Amino acid sequence: MGKFSFKSLMAAFAVAVFVWCVSCCEVCNAREVTNRRSRAAAAADDSTTGSSLWLWRGRWRIPHFPLPPFPFYRPWPYLPPPRWPYLPHPRPVGPRHDPYHQGPRHGPPKQIPPPTPTMDPTLQPPPPVSVPPVAEPTPSVPSNSITFNVLDFGAKGDGNTDDTKAFQDAWAASCNVEASTMVVPANHVFLVGPISFVGEHCQENIILQLDGTVVAPTDPQVWGGEHWLHFDKLSRFTLQGSGTVDGRGSVWWRRSRSEDLNDALLNVDNDAGDGMDFEDADTQAKEELSSMPRNKPTAMRFDHCLNVTFSGIKIQNSPNFHLTFDHSVGVLVRDMSISSPGDSPNTDGIHLGNSQDVTIHDATLACGDDCISIVSGCSNIHIHDVHCGPGHGISIGSLGKDHSRACLHNITVRDVDLQGTTNGVRIKSWQGGSGSVYGVKFSNIRVSEVRWPIIIDQYYCDHATCTNQSSAVVVRDVTYEHVSGTYTERPVDLACSDSVPCEEITLSAIDLRPSSQKPPSHDDGPFFWQTFGQLTTPISPPIDCVQIGRRSSNGIGSGQDSC
């Protein structure tokens, strides 16, 4: 064996290096091909048909790997991407994605509309079936409200057992839960004494669902205040249902026909019955009157309340006022009724005092005094769709008693029926008062057998005699329009103060006719005194005593209307 020369050694070394390089390239190329296959398989599962890893050839696509920009080429040797694996075109989702097939191969069968029935033209179609209107349901308890039934708190509901404690406990429980409901169930009669539902520390949106009957006690010993059912400092409170609140006031009316017990005791001899000894009658009447509280209670009273709704309840036979709102804002009274005899004393239906933003509608009121009375401190009062009778009509006042200041404005009364009432729509004030009433509108008032349909009385007095005084509550900007019907005494009676006359009084579309039961006379015509205003349309009966325009300013009564 000869010696290896230097050239042979270098040649062998070069061959070894060349083989090593080729083997390394083959390994790298195999690894690249494997990676391409993995990426191609992953791309085949991808629903994105517009992937940059694929090239389309008809219905087939192949993996595509674009070259990087210069100079970042792949290392040598560069092999082009394989022509495989060939993967079929994925099936399109909708027909607009597939140029070869209009929709999927398989799917629900095509819906064929049923054939249209044909009718013989000689036959008449059947008449339409009339469906009677569905009555509006009585407000019910919300399904998501937590309820507290008074029966669960020990109430008997038999009309004889005192359930006052059960009502107090049920209210205390519902008071602590927002949007809860206190339930007074139907088909029960609950005897409840004087009670206060105080909401000063209560949650809001509480509902009192009254579907049963609540009656007042007749024993005078249980009465200690001027209210029976008292609601105080409530916010977003609703009292609704189809129940009845019975004040059983006949015992009060029979024992005392006057608010002043002293006058009743002095005149008790006038009430002695026939065949009864005077001393016996005197003793019996004194005992009955002395056992009664001095002030008769109001059936339902709301004080200092905000956003209150009163709906669906019937109040009857209250000893005094039936429903009052004092110092309250945002009151809604609807779909309710009040009932008491026409001769029951001082039984006003709804009484408003120092309250704002009050709406009363769809109410039937029958009582022994004003169906609705509005006194000082009220504004933004809206009354409509109300039936009144018997009673004393709808009154603003009385105002200015005992030299007090009265301020009322923005009062609207419309679409009201008054039947057999003493008065229609009335404004009454005492002499000696101050303040003003303005922005009042009476519209669409229908009267039937009403003694005095339209009244302004600045000389109001409920005593035998009253002292004449120069000051008075200012009455201005009052409108009467579309007042029609029949009267029994006098159609219009506007008696305004000499020192503070009525101004801006507008009468329009007045059509009042005497009742058929009483023949008309000259003395029963319209009466006006110190009334300034205008007549915009012909009036029936004719009115020629309204002083057109405004009174001349003479300094009398100046400053009295500031409120």
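Mind the numbering: the sequence shown is residues -24 to -1, 1 to 539 in mature numbering (1 follows the signal peptide of the UniProt record, and there is no 0), read in order.
By construction, the Cβ of each residue, glycine as well, lies at the ideal position given by its N, Cα and C atoms.
From a predicted model like this one, the values you see are computed outputs, not experimental measurements.
Point to revise | Own chain partners of Cys478 with C-beta closer than 8 Å, once the 5 adjacent residues on each side are dropped | key: By 1-based counting over the sequence shown, the position of residue 478 is 502. Closer than 8 Å at Cβ, skipping near neighbours: Ile432, Gln434, Val451, Arg452, Val454, Leu470, Cys472, Gln506, Thr507, Phe508 and Gly509.
**Study point:** Buried versus exposed, by CB contacts within 10 Å (16 or more), Arg427
**Key:** The count along the sequence shown starts at 1 and reaches residue 427 at position 451. Here Arg427 is buried. Its C-beta has 16 or more other C-beta atoms within 10 Å.
Review point. So is Val159 buried or exposed if we call it buried at 16+ other beta carbons inside 10 Å?
Key: Your numbering for residue 159 matches position 183 in the sequence shown. So Val159 counts as buried.
Practice item. Please report the Cβ distance between Ile183 and His206, rounded to the nearest whole angstrom; I am assuming they are in contact, meaning their Cβ atoms lie under 8 Å. Key: Position 207 of the sequence shown, counted from the start, is the residue given in the question as residue 183. Position 230 of the sequence shown, counted from the start, is the residue given in the question as residue 206. Rounded, the Cβ-Cβ distance is 18 Å, inconsistent with contact.
Check your understanding: DSSP on Leu210, reduced to helix/strand/coil?
Key -> Residue numbering aside, residue 210 sits at position 234 when the sequence shown is read from its first letter. Three-state DSSP puts Leu210 in coil, outside helix and strand.
Exercise for review: Just tell me which of Thr323, Asp319 and Val307 has its CA closest to the CA of Lys272.
Suggested key: Here residue 272 refers to the residue found at position 296 of the sequence shown. Among Thr323, Asp319 and Val307, the Cα nearest to that of Lys272 is on Thr323.
Exercise for review: Please specify which runs of the beta strand (DSSP E), each continuous and at least 3 residues long, are wholly inside the region 464 to 500, giving them in chain order.
Suggested key: Fully enclosed beta strand (DSSP E) runs of 3 or longer: 468 to 471 and 478 to 490.
**Study point:** Backbone CA spacing between Ala(-11) and Lys(-18) [nearest angstrom]
**Key:** Looking up residue -11 in the sequence shown gives position 14. Looking up residue -18 in the sequence shown gives position 7. As the crow flies, the alpha-carbon of Ala(-11) is around 11 Å from that of Lys(-18).
**Study point:** Cβ shell of Asn136 (< 7 Å), same chain only, five flanking positions each side left out
**Key:** Sequence index remark: in the sequence shown, residue 136 carries index 160 (1-based). Taken in chain order, the residues that qualify are Leu167.
**Study point:** Cβ-heavy atom distance, Glu457 to the ligand PLP, below 8 Å
**Key:** Among the components of this structure there are no ligands whatsoever, and the ligand PLP is therefore not found.
Practice item. Helix, strand or coil for Gln185, going by three-state DSSP, please let me know. Key: Here residue 185 refers to the residue found at position 209 when the sequence shown is read from its first residue. For Gln185, the three-state secondary structure derived from DSSP is strand.
Check your understanding: Tell me the DSSP bridge mates of Ile432?
Key -> For the purposes of this step, residue 432 is taken as the residue at position 456 of the sequence shown. Ile432 is bridged to Ile403 and Leu470.
Practice item. Report, in whole angstroms, the separation of the C-beta atoms of His280 and Asp333, which I expect to be a contact under 8 Å. Key: Against the sequence shown, residue 280 aligns to sequence position 304. Against the sequence shown, residue 333 aligns to sequence position 357. Here His280 is actually not in contact with Asp333; their C-beta atoms are around 14 Å apart, not less than 8 Å.
Review point. By the 10 Å Cβ neighbour count, where 16 or more other Cβ atoms means buried, how is Ser320 classified, buried or exposed?
Key: On the sequence shown, position 344 is the one that residue 320 refers to. Residue environment: Ser320 is assigned as buried (16 or more neighbouring CB atoms within 10 Å of its CB, all protein chains considered).
Practice item. Would you kindly work out how many angstroms separate the C-alpha atoms of Asp145 and Asp393, rounded to a whole number? Key: Counting from one through the sequence shown, the residue named residue 145 turns up at place 169. Counting from one through the sequence shown, the residue named residue 393 turns up at place 417. When rounded, the distance between both Cα atoms is 42 Å.
Check your understanding: How big is the Cα-Cα spacing for Ala155 and Leu215?
Key -> The count along the sequence shown starts at 1 and reaches residue 155 at position 179. The count along the sequence shown starts at 1 and reaches residue 215 at position 239. Their backbone Cα atoms lie some 13 Å apart in a straight line.
Review point. Exposed or buried, what is Ala142 when buried is set at 16 or more other beta-carbons lying within 10 Å of its beta-carbon?
Key: Numbered from 1 along the sequence shown, position 166 holds the residue referred to as residue 142. Taking all protein chains in view, the Cβ of Ala142 is crowded by 16 or more other Cβ atoms within 10 Å, so the residue is classified as buried.
Review point. Do you know offhand how far Val(-3)'s Cα is from Ala(-9)'s?
Key: Here the question's residue -3 lines up with position 22 in the sequence shown. Here the question's residue -9 lines up with position 16 in the sequence shown. If I take the Cα positions, the gap works out to 10 Å.
Exercise for review: Compare the beta carbon distance of Thr398 and Ser424 with 9 Å and say whether it is the shorter of the two.
Suggested key: For the purposes of this step, residue 398 is identified with residue 422 of the sequence shown, where counting begins at 1. For the purposes of this step, residue 424 is identified with residue 448 of the sequence shown, where counting begins at 1. No, the pair does not count as a contact, with Cβ atoms beyond the cut-off.
Exercise for review: Decide if Val198 is buried, meaning its Cβ has at least 16 other Cβ atoms within 10 Å, or exposed.
Suggested key: Along the sequence shown, one-based indexing puts residue 198 at 222. Exposed, because fewer than 16 other Cβ atoms sit within 10 Å of the Cβ of Val198.
Review point. Apart from the five residues on each side of it in sequence, which residues of its chain come closer than 7 Å, Cβ to Cβ, to Ser374?
Key: Translated into the one-based positions of the sequence shown, residue 374 becomes position 398. Annotation for Ser374: Lys404, Ser405, Trp406 and Tyr436 place their beta carbon closer than 7 Å to its own, counting only its chain and skipping 5 residues before and after.
Point to revise | Sub-9 Å separation of Ile370 and Cys347 beta-carbons | key: As a position in the sequence shown, residue 370 is number 394, starting the count at 1. As a position in the sequence shown, residue 347 is number 371, starting the count at 1. In this structure, Cys347 lies closer than 9 Å to Ile370 by Cβ.
Practice item. In the DSSP assignment, find the beta strand (DSSP E) that holds Ala142 and state where it starts and stops. Key: The sequence position of residue 142 within the sequence shown is 166, counting from 1. Note, Ala142: premise wrong, no beta strand (DSSP E); alpha helix (DSSP H) at Thr140 to Cys151.
Check your understanding: Can you name the residues that DSSP bridges to Trp505?
Key -> Stepping through the sequence shown from its first residue, residue 505 is reached at position 529. DSSP lists Ala471 as the beta-bridge partner residues of Trp505.
Review point. Using a Cβ-Cβ cut-off of 6 Å (strictly less than) and excluding sequence neighbours within five positions of Val449, which residues of its own chain qualify?
Key: Within the sequence shown, the letter at position 473 stands for residue 449. Correct list, in chain order: Leu375, Gly376, Ala382, Ser405, Gly409 and Gly411.
Exercise for review: Measure the beta-carbon distance from His298 to Cys343 and round it to whole angstroms, keeping in mind my assumption that it falls under 8 Å.
Suggested key: By 1-based counting over the sequence shown, the position of residue 298 is 322. By 1-based counting over the sequence shown, the position of residue 343 is 367. Between His298 and Cys343 the beta-carbon gap is near 7 Å, inside 8 Å, which marks them as a contact.
Check your understanding: Given a threshold of 16 other Cβ atoms within 10 Å of its Cβ, counted over all protein chains shown, does Ser121 qualify as buried or as exposed?
Key -> As a first step, residue 121 must be located in the sequence shown, where it is residue number 145. Classification for Ser121: buried.
**Study point:** Rounded straight-line distance, which links the Cα of Gly325 to that of Pro467
**Key:** In the sequence shown, residue 467 corresponds to position 491, counting from 1. In the sequence shown, residue 325 corresponds to position 349, counting from 1. Their backbone Cα atoms lie some 24 Å apart in a straight line.
Exercise for review: Please report the residue range of the beta strand (DSSP E) in which Asn356 lies.
Suggested key: Walking along the sequence shown from the start, residue 356 turns up at place 380. First-last of the beta strand (DSSP E) with Asn356: Ser355 to Cys364.
Practice item. Flag this pair as yes or no: are the beta carbons of Gly169 and Thr189 separated by less than 9 Å? Key: The residue you call residue 169 lines up with position 193 of the sequence shown. The residue you call residue 189 lines up with position 213 of the sequence shown. Not a contact, by the Cβ cut-off of 9 Å.
Check your understanding: Using the C-alpha atoms, what's the distance from Thr441 back to Trp204?
Key -> On the sequence shown, position 228 is the one that residue 204 refers to. On the sequence shown, position 465 is the one that residue 441 refers to. In this model, Trp204 and Thr441 are separated by some 34 Å (Cα to Cα).
Exercise for review: Kindly identify the DSSP beta-bridge partner or partners of Leu167.
Suggested key: Indexing the sequence shown from 1 puts residue 167 at position 191. According to DSSP, Leu167 bridges with Asp138 and Val191.
**Study point:** Every unbroken beta strand (DSSP E) inside the region 273 to 337 [3 residues or more]
**Key:** Here the runs fully enclosed are 274 to 279, 282 to 287, 290 to 292, 299 to 302, 305 to 315 and 326 to 329.
Practice item. State the start and end residues of the unbroken beta strand (DSSP E) segment that holds Lys417. Key: For the purposes of this step, residue 417 is taken as residue 441 along the sequence shown, with counting starting at 1. Residues Ser410 to Val426.
Check your understanding: Should Val(-6) go down as buried or exposed, given a rule of 16 or more other Cβ atoms within 10 Å for buried?
Key -> Position 19 of the sequence shown, counted from the first residue, corresponds to residue -6. Around the beta carbon of Val(-6), a 10 Å sphere encloses fewer than 16 other beta carbons of the protein chains shown; the residue is thus reported as exposed.
Review point. Cβ of Gly225 within 9 Å of Cβ of Asn296?
Key: Within the sequence shown, numbered from 1, the residue matching residue 225 stands at position 249. Within the sequence shown, numbered from 1, the residue matching residue 296 stands at position 320. Their beta carbons are under 9 Å apart, which means Gly225 touches Asn296 by this criterion.
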